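A quick write-up on the structure given underneath.
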Amino acid sequence: MALGTSLSDGREEMQLLGIDIGGTKCAAVSARGSAAHIEITDKVTVPTDISISPEEMLDRLLLAAAHFPPPARIGVSCGGPLNSREGLVLSPPNLPGWDRVPIAAMLRERFGVPAKLQNDANACALAEWRFGAGRGTENMLFLTFGTGLGAGLILGGRLYTGTNDFAGECGHIRLAETGPEGYGKAGSFEGFCSGGGLVRLARQMAQDNARADLPADCTAKTLAEAAERGDAFARKVFRKSGEMLGRGLAVLIDLLNPERIVIGSVFARSGRLLAPSMEEAIRREALPGAAEVCTVVPAALGDALGDYAAVLTAL
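Reading the sequence shown from the start, the letters are residues 16 to 330 in the numbering used here.
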């Protein structure tokens, strides 16, 4: 798969290694390209195992990718918080035990080439802005809506990361006094609008309604499948999540006045279940002048988004 853009034409292509570290799985991606053109040539994934050390997890991933060509540059995309300047993974809520992991230095030492680290939401924002649903915009927000909820901010045609890489951590915003926990906070944006948050929301709603038939192996995917089949309870869960998504987006719309909000993962797959209540909440909560110039759309790069995000980080 190859994507191109005219933002940086003429740059020499090189062999790249992208590493995408997530709370559920980790991926290594081999690609050739430049900022103007990227072609993914190979990919391996392994389940994230938090019972082993970060160093062992990285070894496991790189062993699976041992057949890749030697890279000239390496990019790592990982959930925050992190320090991209020093290449440190700090303490992501979905990666317990990953505390001040110097992952960029580890990779530089192993491969002898430059390695860079970027927040996954920021990296995905750049990928969607250059190659996907955000092309042509000056002010775009990207929200992950996956294992967790974070945002990447493109403001005035540039990635905005804040004073110390904490810009865009919208999952920590409390939207309600009570509710499912996410990012260590009950009633948080992440609690209502993430894969795990959807399951926790469903369990709370089932308990409130004295339902005992919610499967023990319930996931965001099985909930979506049930809602698509017309299950009234599953649809109610998605309506509630969509409402809270709209409330959170209204805050971002009022603060940042974007022209487009791109949302990945669960929203990209199940947006039709979330959109009606989301749009209603935005109309109710956001400033009309800001809301009317902003469109909310699913990510366009699909399952390849994390791959392009990690590879772009190398550049």
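Quick reminder that beta carbons are idealized off the backbone N, C-alpha and C, glycines included. None of the values given here were measured: they were computed from a predicted structure.
Quick one: Cα of P85 to Cα of A290, how far?
Position 70 of the sequence shown holds residue 85. Position 275 of the sequence shown holds residue 290. Cα to Cα, the separation comes out at about 44 Å.
Would the segment 281-296 and the segment 256-264 be scored as touching if the rule is three or more Cβ pairs under 8 Å?
yes
Three-state secondary structure (DSSP) of Y323:
Here residue 323 is taken as the residue at index 308 of the sequence shown, counted from 1. Helix at Y323.
Span of the beta strand (DSSP E), counted from its first residue to its last, around C41:
In the sequence shown, counting from the first residue as 1, residue 41 sits at position 26. Residues 40-49.
Top-ranked residue by Cα proximity to G317, from V308, R284, C309:
The residue you call residue 317 lines up with position 302 of the sequence shown. The shortest C-alpha separation from G317 is found at R284.
From the DSSP output, in three-state form, read off H82 for me.
Looking up residue 82 in the sequence shown gives position 67. H82 falls in the coil class under three-state DSSP.
Taking the alpha-carbon positions, what's the D180 to L174 distance?
Walking along the sequence shown from the start, residue 180 turns up at place 165. Walking along the sequence shown from the start, residue 174 turns up at place 159. If you draw a straight line from the Cα of D180 to the Cα of L174, it comes to about 11 Å.
Does the Cβ of L288 have 16 or more other Cβ atoms within 10 Å, making it buried, or fewer, making it exposed?
Looking up residue 288 in the sequence shown gives position 273. Classification for L288: buried.
Whole angstroms is fine: what's the gap from V311's alpha carbon to T193's?
If you number the sequence shown from 1, residue 311 lands on position 296. If you number the sequence shown from 1, residue 193 lands on position 178. The alpha-carbon atoms of V311 and T193 are separated by roughly 27 Å.
Sequence-distant residues of its chain with Cβ nearer than 6 Å to A130 (five each side left out):
For this step, residue 130 is matched to residue 115 along the sequence shown. Within the same chain, A130 has close Cβ partners I89, A119, L122, R123.
Can you have a look at G172 and say buried or exposed, based on whether 16 or more other CB atoms are within 10 angstroms of its CB?
As a working mapping, residue 172 is identified with position 157 in the sequence shown. The C-beta of G172 has fewer than 16 other C-beta atoms within 10 Å across all chains shown, which makes the residue exposed.
Which two residues bound the contiguous beta strand (DSSP E) that contains E258?
Residue mapping note: residue 258 aligns to position 243 of the sequence shown, counting from 1. That residue, E258, is in no beta strand (DSSP E); its alpha helix (DSSP H) goes 247-271.
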